[in-house]
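Terminal number for the sequence shown in UniProt numbering: 333, no gaps in between.
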Amino acid sequence: MSRGSSFENSGAAMPTDSILYATRQYLGIAPTVSVTLTPIKKGASGRTIVRVATPGKDPFIGIHWTDERPDSDNFLPVAKFLKATKINVPEIFHEIPHRRVALVEDLGDTDLLSLKDRPFAEREPYYRSALQQIDKLFYSKGPKDFELMPAFDESLYRWEQEYFFDHLVEDLLGMDASGLRENEDFQALAKRLGSSAKHLVHRDFQSQNLLLKDGKAWWIDFQGMRRGRQEYDIASLVFDPYMDHSAEDREAILSIWEDISEDRPETTIFRQCAAQRLMQALGAYGNIARNKGDEWYLQFVAPAARSLAEVTAGTPLEKPLAPVLAKATEFAP
Numbered sequence: 001m002s003r004g005s006s007f008e009n010s011g012a013a014m015p016t017d018s019i020l021y022a023t024r025q026y027l028g029i030a031p032t033v034s035v036t037l038t039p040i041k042k043g044a045s046g047r048t049i050v051r052v053a054t055p056g057k058d059p060f061i062g063i064h065w066t067d068e069r070p071d072s073d074n075f076l077p078v079a080k081f082l083k084a085t086k087i088n089v090p091e092i093f094h095e096i097p098h099r100r101v102a103l104v105e106d107l108g109d110t111d112l113l114s115l116k117d118r119p120f121a122e123r124e125p126y127y128r129s130a131l132q133q134i135d136k137l138f139y140s141k142g143p144k145d146f147e148l149m150p151a152f153d154e155s156l157y158r159w160e161q162e163y164f165f166d167h168l169v170e171d172l173l174g175m176d177a178s179g180l181r182e183n184e185d186f187q188a189l190a191k192r193l194g195s196s197a198k199h200l201v202h203r204d205f206q207s208q209n210l211l212l213k214d215g216k217a218w219w220i221d222f223q224g225m226r227r228g229r230q231e232y233d234i235a236s237l238v239f240d241p242y243m244d245h246s247a248e249d250r251e252a253i254l255s256i257w258e259d260i261s262e263d264r265p266e267t268t269i270f271r272q273c274a275a276q277r278l279m280q281a282l283g284a285y286g287n288i289a290r291n292k293g294d295e296w297y298l299q300f301v302a303p304a305a306r307s308l309a310e311v312t313a314g315t316p317l318e319k320p321l322a323p324v325l326a327k328a329t330e331f332a333p
């Protein structure tokens, strides 16, 4: 999972200076004690995430965030709420909120995506663990001492669609999205989903955000938690472009959910949530590749497009999306 090389902190940039400061404060160590920070990932969310190692101590994770994204400041309160709700999230060891830095438990580097090529039987316990926690979140009362990100409503669903039009259709594929923007069926979908009951959702519930430890799934990147439809998170997991599940594996995941919740998502709503999620993901791939310079995500455009074509087949969105998804399905980085 890690990308980048180890580095010592003399002359480090401001984010790592803040992590180093927090580390010395937390451990009570002198400036002469060696501290090594190893980059874990370099995402597009204005966050710096490193593994912190010092002699004779277990490693932990240092996180520094900026105000580039409004959800970043929610990391600490959401983490504490989820921990209190018995959701598997990393423990916070030390925090300096005004410096936007936190030191948290090191859950390792093994995520669900790393099991992509393993038999489903090996992945099944982790899907079960992840979905058991989604069920637990469904019944939680929600935080009372802080403001979540704005709930999924018509405007947010519409924003996801515009994100898809802007960054996938126009920026990446070079196609005209004006017809899609004016199509009332997309607007009707946003309105329909936005008028529904709202429960707490992770918002980015996919294989890279589920770390595997002690036989269980552990959540990360949960700072965007908000109220919405539970089916959105389930669809994110079932139609995860990173995993590119077979039809059999998708059915197996839904069967696990049915076993846990004693219910099954209503087909129409589930597919509508999947369509929304896949449009958001495709927009993100285009945005990160073209505007952030990280082309690693481009390999997932075709799988996401195939899934979007599948969940919109036989719906009013099939025809307007057809030329876009035909081109996206053939897209090769």
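All C-beta atoms in this analysis are idealised placements derived from N, C-alpha and C, irrespective of residue type, glycine included.
Contact under 7 Å by Cβ, residue i with residue j
| i | j | result |
| --- | --- | --- |
| F165 | A177 | yes |
| Q223 | D71 | yes |
| V324 | V169 | yes |
| A252 | L282 | no |
| S236 | R271 | no |
| D240 | S207 | yes |
| A289 | V311 | no |
| V78 | P90 | no |
| S261 | D135 | yes |
Alpha-carbon spacing of residue i relative to residue j, whole angstroms
| i | j | result |
| --- | --- | --- |
| R192 | D111 | 34 Å |
| E68 | D185 | 32 Å |
| E266 | L254 | 11 Å |
| W65 | P55 | 26 Å |
| residue 334 | L156 | Because the chain is modelled from 1 through 333, residue 334 falls outside the range shown and cannot be assessed. |
| L321 | S18 | 46 Å |
| W218 | Q132 | 11 Å |
| E162 | P15 | 32 Å |
| K209 | A284 | The amino acid at residue 209 is misidentified as Lys; the sequence shows Asn. About 15 Å. |
| Y242 | L113 | 7 Å |
| V35 | V52 | 7 Å |
| F138 | G194 | 18 Å |
| Q187 | E95 | 42 Å |
| Q299 | N287 | 14 Å |
| M175 | E295 | 19 Å |
| L212 | Q25 | 29 Å |
| K116 | A30 | 44 Å |
| F331 | G179 | 21 Å |
| H98 | D58 | 26 Å |
| K216 | N183 | 43 Å |
| V50 | Y127 | 27 Å |
Classification of residue i by the beta-carbon crowding that lies within 10 angstroms, buried from 16 upward
| i | result |
| --- | --- |
| Q230 | buried |
| M225 | buried |
| Y232 | buried |
| G62 | buried |
| N291 | exposed |
| H199 | buried |
| W257 | buried |
| R118 | exposed |
| S307 | buried |
| F146 | exposed |
Secondary structure of residue i, DSSP reduced to three states
| i | result |
| --- | --- |
| residue 366 | As shown, the chain starts at 1 and ends at 333. That puts residue 366 outside it, with no answer to give. |
| T246 | One point to set straight first is that residue 246 is Ser, not Thr, in the sequence displayed. DSSP places S246 in coil when its eight states are reduced to three. |
| M149 | coil |
| T329 | helix |
| S140 | coil |
| P320 | helix |
| E8 | Residue confidence is low: E8 scores 41 on pLDDT, short of 50, so the model does not pin down where it sits. Its coordinate-derived value is still stated next. Strand, per DSSP. |
| P31 | coil |
| P241 | coil |
Can you list, in chain order, the stretches of the alpha helix (DSSP H) that have 4 or more residues and sit fully within the segment 41-125? 75-84
So within the segment 166-239, which uninterrupted beta strand (DSSP E) runs reach at least 3 residues, ignoring any that extend past its ends? 199-201, 210-213, 216-219, 226-228
For the segment 258-314, which segments carrying the alpha helix (DSSP H) assignment without a break, of at least 4 residues, lie completely within its bounds, in sequence order? 267-291, 301-312
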